[in-house]
Amino acid sequence: MTVAKPLPHDAAALHVTGQARYVDDIPLPADTVHLAFGLSQIARGRITGMDLSAVRAAPGVIAVMTADDLPFANDVSPSIHDEPLLADGTIHHAGQPVFLVIAESHLAARAAARLGVVACDEETPILTVEEALAADSRFEGGPVIWAKGDVEAALASAPERLSGTLRLGGQEHFYLEGQAALALPQEGGDMHVVSSTQHPTEIQHKVAEALGLPMHAVRVECRRMGGGFGGKESQGNALAVACAVAARATGRPAKMRYDRDDDFIVTGKRHDFRIDYRAGFDREGRVHALDFTQLCRCGWAQDLSLAVADRAMLHSDNAYRIGALRVASHRLKTNTQSATAFRGFGGPQGMAGVEAVMDRIARHLGMDGVALRRRNFYEAARARGPSAPSGESRGAPPSPEDVSGRKKQGEADLTSRGATKISSGTGAAQRFGGAHSPPPPGGANVTHYGMEVTDFELHAMTDRLLETSDYAARRTAIADWNAGSPVLKRGLAYAPVKFGISFTLTHLNQAGALVHVYQDGSIHLNHGGTEMGQGLFQKVAQVTAERFGLPVESVKITATDTAKVPNTSATAASSGSDLNGMAAQNAADQIRDRMAACLAPLYQAEPAAVRFEDGEVVVGEERMPFAEAARICYMNRVSLSAAGYYRTPEITWDRLRGQGRPFYYFAYGCAVTEVVIDTLTGENRILRADILHDCGRSLNPALDRGQIEGGYVQGAGWLTTEELVWDAKGRLRTHAPSTYKIPACSDRPQVFEVALWDGENRSETVYRSKAVGEPPFMLGISAWLALADACAACGPHDPMLNAPATAEEVLAAVGRARG
Amino acid sequence: MDKTREITLTVNGESVTARVPVRMNLVDFLRNELELTGSHVGCEHGVCGACTLLMDGRTTRACLTLAVQADGAEVVTVEGLAASGRSAALARAFTERNALQCGFCTPGMLASAVTWVEGGGSAERDAIRAHISGNYCRCTGYQSIVDAIADVAGSKAEDAA
Ligand code: FES
Ligand code: FES
Chain A
1 MTVAKPLPHD AAALHVTGQA RYVDDIPLPA DTVHLAFGLS QIARGRITGM
51 DLSAVRAAPG VIAVMTADDL PFANDVSPSI HDEPLLADGT IHHAGQPVFL
101 VIAESHLAAR AAARLGVVAC DEETPILTVE EALAADSRFE GGPVIWAKGD
151 VEAALASAPE RLSGTLRLGG QEHFYLEGQA ALALPQEGGD MHVVSSTQHP
201 TEIQHKVAEA LGLPMHAVRV ECRRMGGGFG GKESQGNALA VACAVAARAT
251 GRPAKMRYDR DDDFIVTGKR HDFRIDYRAG FDREGRVHAL DFTQLCRCGW
301 AQDLSLAVAD RAMLHSDNAY RIGALRVASH RLKTNTQSAT AFRGFGGPQG
351 MAGVEAVMDR IARHLGMDGV ALRRRNFYEA ARARGPSAPS GESRGAPPSP
401 EDVSGRKKQG EADLTSRGAT KISSGTGAAQ RFGGAHSPPP PGGANVTHYG
451 MEVTDFELHA MTDRLLETSD YAARRTAIAD WNAGSPVLKR GLAYAPVKFG
501 ISFTLTHLNQ AGALVHVYQD GSIHLNHGGT EMGQGLFQKV AQVTAERFGL
551 PVESVKITAT DTAKVPNTSA TAASSGSDLN GMAAQNAADQ IRDRMAACLA
601 PLYQAEPAAV RFEDGEVVVG EERMPFAEAA RICYMNRVSL SAAGYYRTPE
651 ITWDRLRGQG RPFYYFAYGC AVTEVVIDTL TGENRILRAD ILHDCGRSLN
701 PALDRGQIEG GYVQGAGWLT TEELVWDAKG RLRTHAPSTY KIPACSDRPQ
751 VFEVALWDGE NRSETVYRSK AVGEPPFMLG ISAWLALADA CAACGPHDPM
801 LNAPATAEEV LAAVGRARG
Chain B
1 MDKTREITLT VNGESVTARV PVRMNLVDFL RNELELTGSH VGCEHGVCGA
51 CTLLMDGRTT RACLTLAVQA DGAEVVTVEG LAASGRSAAL ARAFTERNAL
101 QCGFCTPGML ASAVTWVEGG GSAERDAIRA HISGNYCRCT GYQSIVDAIA
151 DVAGSKAEDA A
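Residue numbers (full-length UniProt numbering), protein chains in the order written: chain A, 1 to 819; chain B, 1 to 161.
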């Protein structure tokens, strides 16, 4: 078996010798020009004049471009064309690109970019969600509201009620490799772009628009990224388009990479949220009603914000079957960086919201957090087997958000998650939940968006984790320890994760692959997924090799290339292996079937009986090396190349009504984290984390473990040390790692026990595996809850801990707990 | 224009003489002039550790070091560590332990790890964590990196015993 082996990353040998090439490492033609943006210093206003003479006169500068110099589309948006490459008269945020410097070197371009003088009529920026609400500054007309049950009635009749407000900060991706792109002009005006991107097709689309070319004239390639995490889904567009227009203008290759500060200042981050909640429950801990109002700060452009805000709504139940649940989501437009995709894509914010409420209810009732949670879990899945079909039984109509009919042809990037456009209207109906509040569907184990939960694994997983982490004994020990420790306090918390897998924009759930078998039996593999470190390339190669009964070394992994596989979706939504693995399997199986049909009659065998195993092809009594089989097929004029295709079955989603089955399945996980805080300074440490995570039948346990460990640490970083600070003028003050603190090695848990749940996917995914890119990120919520638990040990009141729980916030929470 | 100066240094065992702008960083010199692109730039102000290499045997941030400061020095990058076999055991352990994902931090991480192992560092995990706390990794969560270094430090200690 090649599949399920814990093989190392495909490029490990290149990485440890320094040979792996990123965009910035590609040898450049001698005449390459280098680019830098001149950035806006103010957050909002009108440009009244620009003096760029000093920029033009600076050493090494070849040309300077402004919006007026762009020959075609001045737009890098993945959604509604509201994101000019260069400011077109209006300034929307501090750090917005205003002009483009083309110079002989990277440093010359950067130095010159500082010399521009941009005169503006400055306006008061809208920076916070409160300011945006007051100004009614939003995307989509009003709040989007999805609900199940009669929330007001359930709240009114509940024996106990709580309400409150929670703030969750944003997060900078801090992919270690900054954004970068390179454009190489070709004959006849064609353009070849190499980009550090999760979405080559979107880069192709935006470059084609900017050059006034059909997509066939633009080829985009990406071999690898030095980390992506969602930050290279749409945020690479600006660099690639800038390179393309500069290459067109100068006739020379053009390269651009952001300096780290520019990367912070220009690009979008995770959406920060304010979540207002009301909860109704009984004294046994059964939650009757939850009402969430999510204020989502989207920044200046729509980007992928609607889909992010949707996913936050979709994860507001997390693992809990709540009788009446309503989520109202406000997508607020502010004069800050355009918030964008980041691992989890809104899911973490929705989930953190409900987990904070669960904790608060548990403390209010004096119940253990795990006991309270389990009381509210969805019902366990029944006996193993393929998942029961669900959504369609409730007759959800076909998706109404297909944008193809609404936009002029060639405008919308249909492969973008930002393409979601609904007219939710502005009427009062939405405000009171009218248009978005259909009657609740029947069935007990159903989410607030009408999807039946048929694969719920968390009961058994929680049993196992509580046992392996020794939860009960540690809970008692920590209480005792705290009683004798006035200054240091420990905290312990459990958190479950139920994460929906599929793009919520249904048509994106498709993928292609291209497989060639050469006459010597070696195999070339290409597919639409991109490699950002997650190990996707290796997993898909394992699947391909497995189909031919070959070791993975037989398969050559090649760079993602829009000329080989077209119309790809972003490598996002954790979908990479699910979609591309299946597409590659489909391609391999086509070739395998053709080979079997060719070989069987030569050896008096049935094609169905031909086997590909252990590097050989078995045809009746005959065994031959795979290479020999390939040679025979070639000599018999059999095509040994195939384009594979896959689309996820069974999903259906009516975004307008908030009803359907948006996810093919759920991935599960749970974590127990222990922390200690210093109540005098707020300083804190993660002492121990125990994780049990569900990867289905893992395609590669080593790579999956890496995703789990890395995801947890990144999630804990979001909720603890990673703090973004904007000043009163809307300037981001934490724009480098010197002020923005991601977890260092010394910050990770001292004891870190990670185990994979030995289940299999109940849905028919590739080898019954489950997606693993995003779900483990949310295991980090347990670290934040543990900090709240430690703060709660300081006094009788609820600490109402916000995120990020920096030392400052922990100190404040200790104060709130003491009252 | 920038002032320039001639420098002579040893890079991965080979003597190199070049005229460089006095403001040029060592990492830019290595990457752009010598095409040694294994040393990466992550932050260019000395925090992330992606550019870490060995200069006269000590881990050095090549983004905070000027090329002219390396005049007369002995510089070893990830390419040199690999070619000489100095990092072979660590490279194997990083691969086996899956101590890399995107790999962007790996060259700097290896440089830091080499000084730990060659300096007789123990397999004690807390000490390893402290030693590499100046090298950021955004992907792995560090667990596998610490494991890999501990493997090599541990087997070295065994060999010595
Ligand atoms: S690039 Fe040198 S420390 Fe970050
Ligand atoms: S492997 Fe990506 S930063 Fe370390």
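Ideal placement from N, C-alpha and C gives every residue a C-beta, glycine not left out.
Mind checking B:G85: buried by the 16 CB within 10 Å criterion, or exposed? By the neighbour-count definition (other C-beta atoms within 10 Å, threshold 16), B:G85 is an exposed residue.
Tell me which residue opens and which closes the beta strand (DSSP E) that A:F666 is part of. Boundaries of the beta strand (DSSP E) harbouring A:F666: Y665 to D678, taken from the DSSP string.
Cβ-heavy atom distance, A:T679 to ligand 2, below 7 Å: no
DSSP three-state assignment for A:P737, whether helix, strand or coil: Three-state DSSP puts A:P737 in coil, outside helix and strand.
Distance cut 6 Å, beta-carbon to ligand 2 heavy atom: residue list by chain order: A:L176, A:G227, A:G533, B:L100, B:Q101, B:C102, B:G103, B:F104, B:C105, B:C137, B:R138, B:C139 and B:T140
Under 7 Å: does the beta carbon of A:G759 sit that close to some heavy atom of ligand 1? False, no ligand heavy atom lies under 7 Å from that Cβ.
Could you tell me if A:G759 is buried or exposed, where buried requires 16 or more neighbouring beta carbons within 10 angstroms of its beta carbon? buried
Could you pull the start and end residues of the beta strand (DSSP E) that A:V64 belongs to? V61 to M65
B:V47 CB to nearest heavy atom of ligand 1 below 7 Å: yes
Apart from the five residues on each side of it in sequence, which residues of its chain come closer than 7 Å, Cβ to Cβ, to A:R363? A792 and D798
For A:V487, the nearest candidate out of A:W784, A:V676 and A:A609 (CA to CA): Closest in alpha carbon position to A:V487, among A:W784, A:V676 and A:A609, is A:V676.
Within 8 Å, strictly: CB atoms of A:V55 and A:A112: yes
From A:G512, A:E606, A:T558 and A:A289, pick the residue whose C-alpha is nearest to that of A:S575; which is it? A:G512
Out of curiosity, what's the CA-to-CA distance linking A:A545 and A:M582? 13 Å
When DSSP builds the beta bridges, which residues end up paired with A:R270? Answer by DSSP bridge pairing, in chain order: A:Q171.
Around the Cβ of A:G427, are there at least 16 other Cβ atoms within 10 angstroms (buried) or fewer (exposed)? Here A:G427 scores only 33 on pLDDT, less than 50, and its place in the model should not be relied on; the value that follows carries that caveat. By the neighbour-count rule (16 or more Cβ atoms within 10 Å), A:G427 is not buried but exposed.
Could you tell me if the beta carbon of A:G178 falls within a distance shorter than 7 Å of some heavy atom in ligand 1? no
CA-to-CA distance, A:F456 to A:I42, given in whole angstroms: 49 Å
For the stretch 119 to 133 of chain B, which residues have a CB atom closer than 9 Å to at least one CB atom of chain A, in sequence order? R125, D126, I128, R129, A130, H131, I132 and S133
So what does DSSP say about B:E96, is it helix, strand or coil? helix
Any alpha helix (DSSP H) of 4 or more consecutive residues that is wholly inside the stretch 20 to 89 of chain B: Within the stretch 20 to 89 of chain B, the complete alpha helix (DSSP H) runs of at least 4 residues are 78 to 84.
Cβ neighbour criterion (16 or more within 10 Å) applied to A:A609: The residue in question, A:A609, is exposed, as its Cβ has fewer than 16 Cβ neighbours within 10 Å.
For A:Q430, name the three-state secondary structure that DSSP assigns. Only weak support exists for where A:Q430 lies, its pLDDT of 32 falling under 50; the coordinates are left without a value.
Per the DSSP calculation, A:N684 is bridged to which residue(s)? A:I677
Output the distance between the C-alpha atoms of A:A429 and B:C51, rounded to the nearest integer angstrom. Confidence in A:A429 is poor, its pLDDT being 31 and thus under 50, which makes the residue's placement too unreliable to answer from.
Beta-carbon gap between B:A99 and B:D147 smaller than 8 Å: yes
Three-state secondary structure (DSSP) at B:D147? helix
Cut-off 6 Å between Cβ atoms - residues of its own chain near A:V308, not counting five sequence neighbours on either side: H271, F345 and G346
Nearest-angstrom Cα distance between A:G442 and A:A573? Bear in mind that a pLDDT of 34 at A:G442, under 50, signals an unreliable position, so the number given afterwards is only what the model happens to contain. Looking at the two C-alpha atoms, the distance is approximately 29 Å.
To the nearest angstrom, report how far apart A:Q302 and A:H92 are at their CA atoms. 12 Å
Return the CA-CA distance between B:M109 and B:N32, expressed in angstroms with no decimal places. Each residue's alpha carbon lies about 21 Å from the other.
Same chain, Cβ closer than 6 Å to B:L36, five either side skipped, listed in chain order: L30, T77 and E79
Verify the CB distance criterion: does A:Q430 have a CB-CB separation below 8 Å to chain B? Because the pLDDT at A:Q430 is just 32, under 50, the model does not fix this residue reliably, and the point stays unresolved.
Under 8 Å: do the stretch 65 to 77 of chain A and the stretch 113 to 126 of chain A share three or more Cβ pairs, one atom per stretch? no
Among A:L39, A:C695 and A:F752, which residue has its Cα nearest to the Cα of A:E774? From the listed residues A:L39, A:C695 and A:F752, the smallest Cα separation to A:E774 is found for A:C695.
Let me check you understand the geometry: is the CB of A:C745 closer than 7 Å to at least one non-hydrogen atom of ligand 1? no
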